[in-house]
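In the numbering used here, the protein residues as written are 107 to 404.
Okay, structure first, notes after.
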């Protein structure tokens, strides 16, 4: 009861505290995995040295067999720790996703209709799905990189300093440079992400508007005009997504192509992202809009 009272839905740390059990498994398995990675180059060096000693008749094959068995056992333990870490990181992310969406949906239900209409349907749909997923993905990546980057980097730095101080210093020169570049890229990435969220909200609102008012637009002869405006909204989303993918290193996505089942015309089968604009014809675009209209008008 005390923990429930202390929980604050507007604080990220509250979600971390609420998921203390998965994070405990993540911490233990993450330390074992990332520290155990250092054992791999050490064993490889020992195996190479043992092979040299065998060729020079300074060691026997039994020593090589013992080293190989130990290497196999350590690798198996490290990969087991990796499996446990990845499993509980995803369990942690799924629990937070469920908790955040439950809180958000409960808040939306309590809101007045006037405030919901003033905010916009597309904005609410983006907030209820995309924003929560992005927030959870950021928390998951942060938790993962604490071990896969932080602990692993410290472990390799200690190992390099043990072997050669000058080599370690030369290797660590690039680390602060990369951090500075990442800090400089933060604002452009955030700006591109905000533009993409706004465009996604506009597209959701336009899609819902076409689905609800499809018959009205058809009766009054406004279907072609609305189709052109929908195309403009889709192009704005494509342009905004292009800015996001340029910064994230992904391929530029231009259009969303929807396939349908031949035995159930009008029903959406799946959403497939296409990067080649020339493959998307006007007939396919109009069919996509028709699928959305038929799907939501039932």
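Idealized CB from N, CA, C, for every residue including glycine.
Residue span of the alpha helix (DSSP H) that contains residue 304, given as start and end: 292–318
Endpoints, the alpha helix (DSSP H) within which residue 326 is located: Note, residue 326: premise wrong, no alpha helix (DSSP H); not H, not E.
Neighbour-count burial assignment, residue 114, 16 or more Cβ in a 10 Å radius: exposed
Where residue 369 falls: helix, strand or coil (DSSP): Reliability of the predicted coordinates at residue 369 is poor, the pLDDT of 37 falling under 50, and no value is obtained from them.
Member of 260, 245 and 240 whose CA lies at the smallest distance from the CA of residue 275: With distances taken between Cα atoms, residue 275 lies closest to 260.
Cβ-Cβ distance between residue 128 and residue 194 below 7 Å: yes
The region 141–156 / the region 174–185 touching (three or more Cβ pairs under 8 Å): yes
The region 298–307 / the region 329–348 touching (three or more Cβ pairs under 8 Å): yes
Environment of residue 125 [buried if 16+ CB atoms lie within 10 Å]: buried
Completely contained alpha helix (DSSP H) runs for the region 164–227, where each covers 4 or more residues: Complete alpha helix (DSSP H) runs here, min 4: 167–216 and 219–225.
Rounded straight-line distance, which links the Cα of residue 144 to that of residue 265: Cα to Cα, residue 265 sits roughly 8 Å from residue 144.
Cα-Cα separation between residue 318 and residue 310, rounded to whole angstroms: 12 Å
Which of helix, strand or coil DSSP assigns to residue 130: Three-state result, residue 130: helix.
Endpoints, the alpha helix (DSSP H) within which residue 272 is located: 271–277
Status (buried if at least 16 other CB within 10 Å, exposed otherwise) for residue 354: In this predicted model, residue 354 has a pLDDT of only 49, less than 50, meaning its place in the structure is not dependable; the value taken from the coordinates is given anyway. Counting Cβ neighbours within 10 Å, residue 354 comes out exposed, since fewer than 16 surround it.
Three-way DSSP call (helix, strand, coil) for residue 159 in this model: Residue 159: helix per DSSP, three-state reduction.
Best match in 254, 168, 283 and 206 for proximity to residue 120 [C-alpha to C-alpha]: Restricting attention to 254, 168, 283 and 206, the CA atom closest to the CA of residue 120 is found in 206.
With 16 other Cβ atoms within 10 Å as the buried cut-off, status of residue 312: Buried, because 16 or more other Cβ atoms sit within 10 Å of the Cβ of residue 312.
Reference residue 199; option with closest CA among 161, 243, 189 and 218: 243
Beta-carbon separation (whole angstroms), residue 201 vs residue 239, contact threshold 8 Å: The Cβ separation is near 14 Å, so there is no contact.
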